[in-house]
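K.L.:
Numbering (the numbering used here), first residue to last: 18 to 631.
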Amino acid sequence: MFPIPVRSIPDRLRTFYGKLGLEDKASLAIVSVHLILLFLNWSRMPNDQKDWTYHLMISKMFVEKGSFLWDVYEYAPVGRPHLYPPLLHTIFAVTHLLGVDWLNVQRLYGIVIYVLSLLVLWFVMRDFFGGRVALLSVLMLSLSESYFWWQVSAAPTSLVFALYPLLIWAFLRHEKMAILILSAMFWTHLASPWLAVLAIFIYSLLKGEMRRFFKVTGIALLSFLPWAVHVLRYRSWIHHEAMTVTGANIELVMGVFGLIGLYMLAKRRGAVETAVLAGVVALIPTAYAYSWRFWIHFPTLFAGVSALGLKKVADDIGEKGFPAAVLLLILLSFTASPSVSIQGMGEKTLPIRGALPRGGEPEAPAATYIMSLREVRPPLAIEMSGLMGEGRLLRTSPHISEDAMAVYGWIERNTLPDEILHVDDGFTGCAISLFTGRRTDNGAWKEVIQQWVVGEARDTQVRYGVIRIKPGQRLSEESVIERFGGYVVVDMERFRKEQPHAPRFILEMMKLGESLRDAGRRAGGKPEEASRILRETTSKVRVIASEVPQAPVKVDLLRTAGSMERLADGLEGAPQAKREETARLLEEAASSLERGDVRGAGLILCCGRERPMP
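Written out as structure tokens, the structure reads:
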């Protein structure tokens with residue numbers, strides 16, 4: 018039986034709505050407009066963001082393969098351990114079992130999570146600072162294009178950051194709910210919940226609430242223990258690598274008023290103000306470790322801080338200040354919001370674990386950044402444009418284009434259910450597995466992998482490959498079986514024979530094989546010389562990377578350079594066994610480079626070659 022009689026629910030909703038002030042009703046009206054417009058744009062979703070293919074593929078694996086702990090779709094025939102916390106994937110799977118097809122699962126939760134983000138911020142800021150700040154918070158968050166773009170992707174981190182303000186509220190107001198929310202975060206994503214932990218730690222440290230902090234965090238971690246044991250079992254498969262800075266998009270309205278809001282929070286120093294300030298500060302490490310994510314997640318709470326600053330300015334203006342502020346944000350929401358765009362021309366690695374060149378070494382060409390003022394189309398403008406035929410503002414994922422769907426149809430008609438396909442892009446492979454159930458020899462992310470698995474996948478004989486044609490790429494018609502726009506299905510036997518003409522960067526990298534081999538020979542007895550050779554080689558790799566136009570290749574090369582430098586650092590003062598292990602890795606990497614397998618060499622340098630059983 019329901020604890021609340023069903024017939025009384027409408028009455029209770031009417032009572033709740035009647036207790037809301039004008040500002041609250043306006044906030045909910047704005048959220049409702051988002052909800053309606055997003056449902057009207059249903060057919061244009063998912064948006065142009067690739068992660069959703071991986072997450073739906075994993076959910077499909079739960080349902081159709083019954084595999085929860087081992088990823089059987091990627092890097093076939095071996096696969097790899099599935100270490101991604103499974104809460105959101107399980108929700109997707111259950112929704113599918115209730116009769117919703119996979120594509121509509123993504124669309125549904127993309128809408129739900131974005132709308133939830135708005136409602137959570139409204140609720141928290143209303144309780145902390147009142148209805149007026151809550152209304153401005155909803156409008157301010159509605160200005161963020163980057164936040165919207167990520168939240169409607171329905172990625173696990175989108176759910177974590179939708180709940181982020183609610184955790185901070187619950188830590189102050191409802192301890193048991195805080196435990197539940199933090200537990201859900203841990204079961205959704207491995208890394209981002211630790212930002213939430215940092216937020217409540219900062220608050221607890223400043224306000225003498227460490228006992229509560231240890232209780233909430235301890236119980237949440239205890240609930241996560243089963244999955245943590247699974248992750249620890251395969252910890253040798255996990256490899257964190259430095260990310261690259263490619264620029265930023267700073268929304269001026271949110272930024273300017275956010276600075277005022279931060280000043281107000283720091284000045285007042287109450288429990289609520291300290292908690293919100295701690296929540297903002299805790300997100301800053303993201304800018305260092307995972308730079309582009311900072312700009313897509315930061316608005317989750319900073320929009321509320323900006324609203325607080327705007328409310329202060331409006332109050333200083335006088336009686337008409339608040340209505341003017343609301344009208345300004347509404348106008349910007351449906352048109353355009355000014356922003357400062359900082360675009361990186363070139364790449365610069367973040368200084369993580371020795372990633373910067375040492376003194377006296379030739380540095381890779383520094384990144385050049387161009388700052389410009391531009392207009393950003395806020396979410397409401399994007400949603401409206403989708404209804405008026407301006408689809409360019411709400412770009413649909415290429416993985417559900419007519420060409421992509423034609424590829425999936427061809428695969429289903431011409432391949433066996435257990436057949437393995439070659440793909441040149443991991444996310445294309447995820448989409449193929451999602452829509453056809455076929456396995457592929459590639460994978461979406463390289464953080465969980467070992468080189469021997471890549472080797473097994475590379476050496477497996479497959480009949481067909483699916484290639485997404487890149488600008489300037491040419492394929493012989495002899496290997497092409499079918500063309501579907503930007504997709505080409507190839508005969509793999511012929512395709513492999515046609516690959517002797519390597520790009521220039523591969524030829525340049527192949528020349529470095531002997532340098533790695535030389536460093537390996539010296540690693541055992543003369544580690545200082547081996548370290549010097551590795552650093553010289555690192556600098557050469559960075560120079561090669563600076564001349565490569567393709568961003569994915571550039572990132573791979575920079576990661577390889579970072580791995581070389583970490584090996585160089587590790588040789589200094591290392592025991593003999595460690596030096597011998599490094600020598601073995603360098604020999605294997607040199608062999609891979611000399612065959613032209615640049616990615617394989619990078620994976621060996623980064624990940625080693627351990628081979629634990631699945």
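In this text, a Cβ means the ideal position worked out from N, Cα and C, and glycines have one as well.
Remember, predicted model here, so these are calculated numbers, not experimental data.
Relative to the C-alpha of G326, which residue among E553, S450 and M157 is closest?
P.N.:
Checked all of E553, S450 and M157; the closest Cα to G326 is M157.
K.L.:
Over the uninterrupted beta strand (DSSP E) stretch that includes I486, give me the two end residues.
P.N.:
Careful: I486 lies outside any beta strand (DSSP E) and carries neither H nor E.
K.L.:
Cβ of F274 within 9 Å of Cβ of A341?
P.N.:
Taking 9 Å as the Cβ cut-off, F274 and A341 do not qualify as a contacting pair.
K.L.:
Please list the terminal residues of the continuous alpha helix (DSSP H) segment that includes D41.
P.N.:
L39 to L57
K.L.:
With respect to the alpha helix (DSSP H) encompassing V155, which residues constitute its N-terminal and C-terminal limits?
P.N.:
Run containing V155: G148 to L158, per the alpha helix (DSSP H) assignment.
K.L.:
Give every residue of the same chain whose Cβ lies closer than 6 Å to the Cβ of L197, excluding the five residues on either side of it in the sequence, and list them in chain order.
P.N.:
none
K.L.:
On the three-state DSSP scale, how would you describe D508?
P.N.:
strand
K.L.:
Applying the 10 Å Cβ sphere with the 16-neighbour rule, what's the burial state of A283?
P.N.:
A283 counts as exposed, since fewer than 16 other C-beta atoms from the protein chains shown sit within 10 angstroms of its C-beta.
K.L.:
Going by the CB atoms, is the gap between G502 and A423 shorter than 9 Å?
P.N.:
Taking C-beta atoms as the reference points, A423 and G502 count as a pair closer than 9 Å.
K.L.:
For I347, report the span of its alpha helix (DSSP H) as first-last.
P.N.:
G338 to F351
K.L.:
Could you pull the start and end residues of the beta strand (DSSP E) that F501 belongs to?
P.N.:
V497 to F501
K.L.:
DSSP puts P457 in a beta bridge; with which residues?
P.N.:
With the sequence shown as reference, residue 457 is identified as Thr, and Pro is not the correct amino acid for it. Its beta-bridge partners are L438.
K.L.:
So, with DSSP's three-state summary, where would you put D144?
P.N.:
Secondary structure at D144: helix, using DSSP grouped into helix, strand and coil.
K.L.:
Could you check which residue in V507, R491 and L492 has the C-alpha nearest to that of I498?
P.N.:
Ranking V507, R491 and L492 by CA distance to the CA of I498 puts V507 first.
K.L.:
Around the Cβ of A562, are there at least 16 other Cβ atoms within 10 angstroms (buried) or fewer (exposed)?
P.N.:
buried
K.L.:
Please say whether T577 and G619 have beta carbons closer to each other than 9 Å?
P.N.:
yes
K.L.:
Is S159 buried or exposed, if buried means 16 or more other CB atoms sit within 10 Å of its CB?
P.N.:
Counting C-beta atoms within 10 angstroms of its own C-beta, S159 has 16 or more neighbours from the protein chains shown and is therefore classed as buried.
K.L.:
Counting pairs of Cβ atoms below 8 Å between the stretch 167-184 and the stretch 133-140, do you hit three or more?
P.N.:
yes
K.L.:
Shortest alpha-carbon distance to S84 belongs to which of H99, R412 and R583?
P.N.:
H99
K.L.:
May I have the straight-line CA-CA distance separating S609 from V570, to the nearest angstrom?
P.N.:
16 Å
K.L.:
Does the stretch 144-153 come within contact of the stretch 121-128, defined as at least 3 CB pairs closer than 8 Å?
P.N.:
no
K.L.:
What do you reckon, are the CB atoms on A591 and R538 nearer than 9 Å?
P.N.:
no
K.L.:
If you reduce the DSSP assignment to three classes, tell me which class E268 lands in.
P.N.:
In the three-state scheme derived from DSSP, where H, G and I count as helix and E and B as strand, E268 is classed as strand.
K.L.:
When the Cβ atoms of the stretch 36-54 are set against those of the stretch 69-77, are three or more pairs found closer than 8 Å?
P.N.:
no
K.L.:
Alpha carbon to alpha carbon, how far is D614 from V155? Give it in angstroms, no decimals.
P.N.:
50 Å
K.L.:
Flag this pair as yes or no: are the beta carbons of A299 and Y164 separated by less than 9 Å?
P.N.:
no
K.L.:
Could you compute how far the alpha carbon of R252 sits from the alpha carbon of Q467?
P.N.:
11 Å
K.L.:
Would you list, in sequence order, the uninterrupted alpha helix (DSSP H) runs of no fewer than 4 residues that lie entirely inside the stretch 82-146?
P.N.:
104-114 and 119-146
K.L.:
Within this structure, are the beta carbons of L55 and V169 separated by less than 9 Å?
P.N.:
Yes, the Cβ-Cβ distance between L55 and V169 is below 9 Å.
K.L.:
What does a CB cutoff of less than 6 Å around S221 pick up in its chain, not counting 5 residues either side in sequence?
P.N.:
M227 and F230
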